[in-house]
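Asks:
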Ligand SMILES: [Zn+2]
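In the numbering used here, the protein residues as written are 179 to 346.
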């Protein structure tokens, strides 16, 4: 029996390259967005599923792989039925500079019509985080735990537009 499903491999045989090796771990569709959401405080399966709008089986598979790769850690917050929350390991937190760089790159080359939907700020002083992961206000070199996301102008406008659409 044949079907039309194209199964994409997630490895890059023949590539002797650290970027390819990184992509084998986090390059699957949704994986980095899951890491982003967990970094932003979404921890539970349903929260992640709702926020991403991803199919449950796909989310489950991606979470499993991220745990297997020691990027996420699963901790039970309820028993019978077992329910888990996801936390980033140190290895997962080390993806922060990559996410910051991708965010800045997207804002620069694929900007939304109303500006950036999300800004990252230094928790301590409120300064904007640069694409190099430093604080533009105080100059400190930052790590994942030093920063937090705040809604940007693009998100505020998008929310207003969604409300306007819903009110029609
Ligand atoms: Zn600062």
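A virtual CB, placed ideally from N, CA and C, is assigned to each residue, including glycine.
Output needed for residue 253: all residues of its chain with C-beta closer than 7 Å, excluding positions within five of it in sequence on either side, in chain order.
Replies: Taken in chain order, the residues that qualify are 262, 263, 265.
Asks: Here's the rule: buried if 16 or more other CB atoms are within 10 angstroms of the residue's CB, otherwise exposed. What is residue 288?
Replies: Counting Cβ neighbours within 10 Å, residue 288 comes out exposed, since fewer than 16 surround it.
Asks: Consider the C-beta atom of residue 321 and the heavy atoms of ligand 1; say whether any pair is separated by less than 7 Å.
Replies: For ligand 1, not one heavy atom lies less than 7 Å from the Cβ of residue 321.
Asks: In this structure, does DSSP put residue 261 in helix, strand or coil?
Replies: Correct three-state label for residue 261: strand.
Asks: With a floor of 4 residues, list each alpha helix (DSSP H) that falls wholly inside the region 260-289, ordered by position along the chain.
Replies: Fully enclosed alpha helix (DSSP H) runs of 4 or longer: 268-271, 274-287.
Asks: State the Cα-Cα distance for the pair residue 142 and residue 324, rounded to the nearest angstrom.
Replies: Residue 142 lies beyond the range of the chain shown here (179 to 346); nothing can be said about it.
Asks: If residue 332 sits next to residue 290, beta carbons under 8 Å apart, how far is it from one beta carbon to the other, in whole angstroms?
Replies: 4 Å between Cβ atoms; contact.
Asks: Do you know offhand how far residue 282's Cα is from residue 308's?
Replies: Each residue's Cα considered, the two are about 8 Å apart.
Asks: Measure the C-alpha to C-alpha separation of residue 200 and residue 236 and round it to an integer number of angstroms.
Replies: If you take the alpha carbons of residue 200 and residue 236, they lie about 20 Å apart.
Asks: Verify whether the separation of the beta carbon atoms of residue 330 and residue 320 is less than 8 Å.
Replies: For residue 330 and residue 320, no; Cβs fall outside 8 Å.
Asks: Quick one: any contact between the region 243-250 and the region 198-218, if contact means 3 or more CB pairs under 8 Å?
Replies: A contact exists between the region 243-250 and the region 198-218.
Asks: Report buried or exposed for residue 303, applying the criterion of at least 16 other Cβ atoms within 10 angstroms of its Cβ.
Replies: By the neighbour-count rule (16 or more Cβ atoms within 10 Å), residue 303 is not buried but exposed.
Asks: With DSSP as the reference, label residue 140 as helix, strand or coil.
Replies: Because the chain in this structure spans residues 179 to 346, residue 140 falls outside the shown range and cannot be described.
Asks: Rounded to whole angstroms, what's the CA-CA distance from residue 348 to residue 277? Just pull it up for me.
Replies: As shown, the chain starts at 179 and ends at 346. That puts residue 348 outside it, with no answer to give.
Asks: Can you list, in chain order, the residues of its chain whose CB lies under 8 Å from that of residue 260, leaving out five sequence neighbours each side?
Replies: Within the same chain, residue 260 has close Cβ partners 254.
Asks: Residues around ligand 1, please: the condition is that the C-beta lies closer than 7 Å to some non-hydrogen atom of it.
Replies: Checking every Cβ against the heavy atoms of ligand 1 under 7 Å gives 300, 302, 303, 305, 313, 315, 316, 318.
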